[in-house]
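**Student:** Attaching a single structure in structure tokens format; questions to follow.
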Amino acid sequence: MYQALYRQYRPKTFDEVLGQKHITNILKNQIIKGNIGHAYLFSGTRGTGKTSTAKIFSRAVNCLEPENGNPCNKCEICQGILDESIMDVIEMDAASNRKIDDIRELKDKVIYPPTRAKYKVYIVDEVHMLTTEAFNALLKTLEEPPKHLIFILATTEPQKLPQTILSRCQRFDFKRITTKDIIENMKNICNNLKIEIEDEVLRLIARNTDGAMRDALSLLEQCLSIGEEKITYEDAISILGIVDFHIIFHIVDSIIDKNIEKTLELVNQVIEDGKDIHQFIKDFTYHFRNLMIVKTTKDPNELIEVEESSLKRYIEQSKNMDINFILKGLDVLTTADEKAKWSTQPRIILEMAVIQLTKLEEELSLEERVKRLEMGLKIQDTRPASENPAIKETPVIDKRPKTIIETPIKKAVEAPPRQIGGEKAEVIEDSGGEISFEQIKEDWGKILQNIRSVKVSLYALLVEGELLSFSNSLLTIGYKDGFGIHKEAISMPQNKGLVEKTISSFYKKNISVNFTMLSEKPNIKEEKKDKDQAIKEVIDFFGEDIVEIK
402 MYQALYRQYR PKTFDEVLGQ KHITNILKNQ IIKGNIGHAY LFSGTRGTGK
452 TSTAKIFSRA VNCLEPENGN PCNKCEICQG ILDESIMDVI EMDAASNRKI
502 DDIRELKDKV IYPPTRAKYK VYIVDEVHML TTEAFNALLK TLEEPPKHLI
552 FILATTEPQK LPQTILSRCQ RFDFKRITTK DIIENMKNIC NNLKIEIEDE
602 VLRLIARNTD GAMRDALSLL EQCLSIGEEK ITYEDAISIL GIVDFHIIFH
652 IVDSIIDKNI EKTLELVNQV IEDGKDIHQF IKDFTYHFRN LMIVKTTKDP
702 NELIEVEESS LKRYIEQSKN MDINFILKGL DVLTTADEKA KWSTQPRIIL
752 EMAVIQLTKL EEELSLEERV KRLEMGLKIQ DTRPASENPA IKETPVIDKR
802 PKTIIETPIK KAVEAPPRQI GGEKAEVIED SGGEISFEQI KEDWGKILQN
852 IRSVKVSLYA LLVEGELLSF SNSLLTIGYK DGFGIHKEAI SMPQNKGLVE
902 KTISSFYKKN ISVNFTMLSE KPNIKEEKKD KDQAIKEVID FFGEDIVEIK
């Protein structure tokens with residue numbers, strides 16, 4: 402009967418387990434000295450050897466003639482466990498036996514001694530799937546098990562286990578297997594099978610397994626199923642549905658050139674070839690990861706498993722990219738990967754991502770813009786005063802008109818002070834005079850200087866704005882198209898509050914500020930219509946004799 406490669410080449414001794422010497426050496430020493438624990442926890446990602454190590458350990462503790470801590474795999478006990486004729490090693494899946502009744506049934510069975518072996522070993526896979534009640538039922542057995550009983554719990558998510566379970570087990574964390582070890586093991590298997598395979602194919606497989614040997618052997622088996630005596634790189638990418646890295650290089654080149662049309666054409670070619678979109682995003686992300694490594698390290702050979710020619714190509718491509726661009730690109734692609742997992746239209750997610758990548762350089766962050774403005778202001782500050790005539794202090798001219806009508810008004814209930822930036826705003830004592838828009842425009846240079854003395858970055862944002870109107874103690878400031886990021890930043894409660902506080906203190910009158918885009922500026926006719934309506938309502942209420950319109 403045919404067996405899958407990962408079953409045919411499952412390790413049979415501790416020495417054959419790949420990349421887990423820190424665990425296998427301890428287990429071998431325990432067997433040699435006879436210091437066998439009653440409960441073990443094997444944790445780690447899939448395909449790293451947890452179950453294989455558990456099976457080796459179950460044979461080693463029962464072996465009649467162990468060899469330096471390893472099972473001999475020849476005695477009747479080892480052979481019986483291997484061919485499953487001895488029932489003293491029980492492997493169970495916690496995902497299928499997760500209820501409390503399943504654990505109670507297990508508790509009833511563990512009291513019976515082994516039939517032929519020295520120890521009865523229970524290997525519980527994916528133990529984190531047990532219910533809370535099932536864990537509680539298992540707790541007492543783990544704490545005081547029979548002398549003949551050994552539990553080996555395996556899980557990919559140890560953080561989901563109760564602390565009471567963890568404290569009763571010897572814990573061993575399995576590491577991801579290195580790319581080098583995976584490639585070497587696949588080479589040995591291909592040599593045994595007398596099949597020639599290109600090194601680039603082995604690197605391609607190892608790169609797509611995330612340190613899991615089982616996954617690597619499954620992909621290798623797919624490649625071998627082509628039936629040829631030699632497996633080429635072209636065969637591998639065709640069978641596995643992986644995108645040729647040469648195409649990814651071309652896509653990134655078109656992104657650097659900001660050629661959206663060519664970029665989308667190449668992406669469309671990938672999709673038309675039937676490649677998996679999720680796998681493509683993964684390969685695309687890995688490409689940017691390699692660019693990041695090449696850009697930030699002097700010797701990337703240890704961190705990138707590619708041929709020398711490909712490494713040179715990464716180095717050349719990275720010279721045309723800024724590290725911030727690469728990091729932002731990684732952020733865009735990882736976000737796209739997460740969205741594509743749950744989207745019914747992953748192609749659209751991918752196309753949005755590549756378009757965003759072509760426009761990354763245009764998306765300067767707010768911090769960078771403000772930093773540039775601040776640097777410019779600092780340079781201006783170092784110049785003599787005569788060289789900087791742009792900002793002049795204008796003497797304050799009191800143009801407040803005298804009050805024409807004094808109408809006794811019932812004192813309103815005072816509202817609590819507004820919060821500015823999380824702190825109580827200073828209550829400004831109203832000076833009682835009127836302020837005109839023309840007066841604010843005359844005083845604006847001095848107001849800007851006051852704001853600059855408080856916070857330079859706020860001045861840098863405000864200086865780009867344009868005074869639009871002042872009515873009912875509300876000052877409106879507009880920003881041109883292209884300065885939307887300034888408008889958003891200065892509209893933040895803390896910044897807006899500081900501007901209002903500075904202007905209010907200048908005039909000793911509570912003044913509010915509204916920020917808008919010039920493209921959103923209301924139509925003048927509409928404003929006039931609203932104003933005429935307001936005047937009509939005032940005249941209707943007070944009468945024409947006591948109302949003076951200016």
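In this text, residue positions in the sequence shown follow my numbering: the first is 402, and each later residue adds one. For every residue, glycine included, the Cβ atom is placed at its ideal position computed from N, Cα and C. Owing to the predicted nature of the structure, the values given are computational and were not obtained by experimental measurement.
1. Restricting to Cα atoms, I'd like to know which of R411, I566, E835 is closest to K545.
2. Cα-Cα, which of L531, Y880, L442 is closest to I551?
3. So, are the CB atoms of N474 and L483 less than 8 Å apart?
4. For E632, name the three-state secondary structure that DSSP assigns.
5. With C-beta atoms as the reference, is L758 less than 8 Å away from Q718?
6. Under the rule that 16 or more other beta-carbon atoms within 10 Å means buried, what is T745, buried or exposed?
7. Between C479 and D636, what straight-line distance do the alpha-carbon atoms span, to the nearest angstrom?
8. Rounding to the nearest angstrom, what Cα-Cα distance links L419 and E468 in this structure?
9. Label N586 either buried or exposed according to how many other C-beta atoms from any shown protein chain fall within 10 Å of its C-beta, with 16 as the threshold for buried.
10. Whole angstroms are fine: how far does the CA of K888 sit from the CA of S858?
11. Excluding sequence positions up to five away, which residues of its chain have a Cβ less than 8 Å from the Cβ of Y880?
12. Would DSSP call L543 helix, strand or coil?
13. Anyone know if the C-beta pair for L621 and I606 falls short of 8 Å?
14. Return the first residue and the last residue of the beta strand (DSSP E) that T735 is part of.
15. Going by DSSP in three states, R572 sits in which element: helix, strand or coil?
16. Ends of the alpha helix (DSSP H) at N436?
17. Kindly provide the ranges of any alpha helix (DSSP H) runs that are 4 or more residues long and lie completely inside the stretch 573-609, ordered along the chain.
18. Does I566 get closer than 8 Å to chain E when you measure Cβ to Cβ?
19. Rank N589, I578, K856, Y908 by C-alpha distance to the C-alpha of K897 and give the top, closest one.
20. Please list, in chain order, all residues of the same chain as G642 whose beta carbon is under 8 Å from its beta carbon, the five residues on each side excluded.
21. Could you name each continuous beta strand (DSSP E) segment of 3 residues or more that falls completely within the stretch 859-903, going from the start of the chain to the end?
22. Quick check: what's the CA-CA separation for V644 versus R604?
23. Could you check what DSSP says for L531 in three-state terms: helix, strand or coil?
24. Please classify G450 as buried or exposed, where buried requires at least 16 other C-beta atoms within 10 Å of its C-beta.
25. Kindly indicate which three-state DSSP category P809 falls into: helix, strand or coil?
26. Which one of S486, K434, V490 has the shortest CA to CA distance from I457?
27. Is the stretch 422-429 touching the stretch 522-540, taking contact as three or more C-beta pairs under 8 Å?
28. Might you give, ordered along the chain, the residues of its own chain that have their beta carbon closer than 6 Å to the beta carbon of I632, omitting 5 neighbours on each side?
29. Determine the closest residue to Y687 out of G730, N725, E666, I724, with distance taken between C-alpha atoms.
30. Ends of the beta strand (DSSP E) at M493?
31. Taking the alpha carbon of E466 as the point to measure from, which residue in S444, I524, I432, R714 has its own alpha carbon closest?
32. Would you report the Cα separation of D844 and A890, rounded to the nearest angstrom?
33. Tell me the DSSP bridge mates of A555?
34. Going straight from the alpha carbon of N660 to that of A455, what length do you get?
35. Reducing DSSP to helix, strand and coil, say where Y520 ends up.
36. Pull up the distance between the alpha-carbon of M753 and that of S655, whole angstroms please.
**Tutor:** According to the data block:
1. The question names Lys, but residue 545 is Glu in the sequence shown. The residue with the shortest Cα to Cα distance from E545 is I566.
2. Comparing C-alpha distances from I551 to each of L531, Y880, L442 shows the shortest one belongs to L442.
3. For the pair N474 and L483, the CB atoms are nearer than the 8 Å cut-off.
4. First, the amino acid is wrong: residue 632 is Ile here, not Glu. Here I632 carries a strand assignment [DSSP, helix/strand/coil].
5. Here L758 is not near Q718, since their CB atoms are 8 Å or more apart.
6. Classification of T745: exposed, given that the 10 Å Cβ count is below 16.
7. C479 and D636 have their C-alpha atoms roughly 41 Å apart.
8. Rounded to whole angstroms, L419 to E468 spans 19 Å at the Cα level.
9. Looking at its Cβ environment, which holds 16 or more other Cβ atoms inside 10 Å, N586 is buried.
10. Rounded to whole angstroms, S858 and K888 show a C-alpha spacing of 13 Å.
11. Once the five neighbours on either side are set aside, the close Cβ partners of Y880 are E865, G866, E867, H887, K888, F916, T917, M918, L919.
12. Here L543 sits in helix by DSSP.
13. Cβ distance < 8 Å, so L621 and I606 count as in contact.
14. Run containing T735: none in the beta strand (DSSP E); it sits in the alpha helix (DSSP H), 724-743.
15. Correct three-state label for R572: strand.
16. N436 -> no alpha helix (DSSP H), and no H or E assigned at all.
17. Entirely contained in the stretch 573-609, the alpha helix (DSSP H) runs reaching 4 residues are, in chain order, 580-593, 600-608.
18. Protein chain content of the structure displayed is limited to a single chain, and chain E is not contained in it.
19. Of N589, I578, K856, Y908, the residue nearest in Cα terms is K856.
20. Result list for G642: G675, K676, D677, Q680, in chain order.
21. List check, beta strand (DSSP E) in window: 867-872, 875-880.
22. So the alpha carbons of these two residues sit roughly 14 Å apart.
23. L531: coil per DSSP, three-state reduction.
24. Buried, since its Cβ has 16 or more Cβ neighbours within 10 Å.
25. Reliability of the predicted coordinates at P809 is poor, the pLDDT of 46 falling under 50, and no value is obtained from them.
26. The shortest C-alpha separation from I457 is found at V490.
27. Not touching, per the Cβ criterion.
28. The answer, listed in chain order, is I598, V602, C624.
29. Ranking the options by Cα distance to Y687, first place goes to G730.
30. In this chain, the beta strand (DSSP E) harbouring M493 covers 490-494.
31. Ranking S444, I524, I432, R714 by CA distance to the CA of E466 puts I432 first.
32. For D844 and A890, the gap between their C-alpha atoms comes out near 24 Å.
33. A555 pairs with F443.
34. Rounded to whole angstroms, the separation of the alpha carbons of A455 and N660 is 54 Å.
35. Y520 falls in the coil class under three-state DSSP.
36. When rounded, the distance between both Cα atoms is 15 Å.
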